[in-house]
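Written below as structure tokens is the structure these notes are about.
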Amino acid sequence: MNIIETIKKNKLLTAVSLAYVFLFIAMPDKAYLSVKNSMYYIIEMLQIMPVVFILTSIIEAWVPKEVIVNGFGEKAGIKGGVFSLLLGSFSAGPIYAAFPICKILLKKGASIANVVIILSAWAVIKVPMLANEAKFLGIQFMGIRWVFTVIAIIIMAYLMTIFVKKEDIPVQKGQNLDKVTGIDIKVQYCIGCGLCEKLLPQYFEVVGKKAKWKGSILNDAQIDELKPIIDACPVKAIDFK
Ligand code: SF4
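Written out as structure tokens, the structure is:
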């Protein structure tokens with residue numbers, strides 16, 4: 407890979423590096439302070455992220471899609487919103503730790519609205535935060551802020567579902583698509599809705615209320631063609647294998 411390709415693939419990193427070079431030339435004292443602050447956050451991330459990656463691996467490997475779909479999916483309704491609020495509120499760690507977890511929840515069938523609720527609750531109404539708020543600003547302040555914040559979170563979650571669709575989120579990008587050999591249908595989750603057959607009848611057919619894969623080994627064009635249906639399946643029964 408030549409240097410131009412490396413820069414193209416790491417635009418943000420390149421921009422930050424150039425900003426540091428400029429800062430070191432123009433204002434070395436500020437550059438030193440900036441490096442010190444960055445190092446603080448890098449060390450914090452190195453301490454937290456391994457735990458987060460273990461947690462996401464556990465969710466990926468051990469929590470069935472069905473559980474995520476039932477608890478946090480589009481059809482989970484008010485129950486899903488309450489679970490999401492609780493999950494975000496009883497979380498620990500900085501907000502950036504929530505992103506990989508939310509990505510895996512989305513991939514396994516959580517709805518956009520519930521992911522917004524988790525992220526927002528994690529960021530602004532975590533229980534340890536509320537306890538400190540009540541201690542320094544009083545229970546009344548904390549309680550009223552909590553009520554208005556929850557209302558705002560619910561409105562935001564609703565609006566996000568209007569403006570952002572699942573296919574806009576690159577949840578599949580982490581998967582190594584070079585190694586994809588076919589399609590895996592988890593028949594135990596399939597509810598036989600027929601959506602896959604309707605959208606891509608050349609690959610799917612529903613027999614006895616269960617979807618069946620009719621294709622063979624996939625090429626790149628077919629992988630792209632199949633990504634939307636993997637996201638569209640209401641119970642996330644379809645995945646690459
Ligand atoms: S879209 Fe999903 S649930 Fe519906 S038939 Fe296909 S695999 Fe089954």
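Residues 407 to 647 (our numbering) are what the sequence shown spells out, left to right. Where a beta carbon is used, it is the ideal one built from N, C-alpha and C, also for glycine.
Identified DSSP bridge partners for residue i
i      : result
PHE646 : ILE589
VAL612 : ALA617
Endpoints, alpha helix (DSSP H) assigned at residue i
i      : result
SER526 : 518 to 530
ASN443 : 434 to 468
ASN625 : Note, ASN625: premise wrong, no alpha helix (DSSP H); not H, not E.
PRO506 : 504 to 513
TYR595 : It is not in any alpha helix (DSSP H) - TYR595 carries neither H nor E in the DSSP assignment.
PHE496 : Note, PHE496: premise wrong, no alpha helix (DSSP H); not H, not E.
LYS414 : 409 to 415
PRO534 : 533 to 543
For residue j and residue i, the rounded distance between their alpha carbons
i      : j      : result
ILE635 : LYS485 : 26 Å
ILE550 : MET455 : 33 Å
SER490 : PHE428 : 43 Å
ILE524 : PHE459 : 18 Å
GLU611 : TRP619 : 7 Å
TYR564 : ILE464 : 29 Å
LYS648 : TRP528 : The chain is shown only over 407 to 647; residue 648 falls outside these bounds and no answer can be derived.
GLY494 : LYS415 : 33 Å
MET451 : GLY598 : 43 Å
ALA503 : VAL457 : 9 Å
Exposed unless 16 or more other CB atoms sit within 10 angstroms - verdict on residue i
i      : result
VAL553 : exposed
GLU603 : buried
LEU632 : buried
LEU439 : exposed
ALA519 : buried
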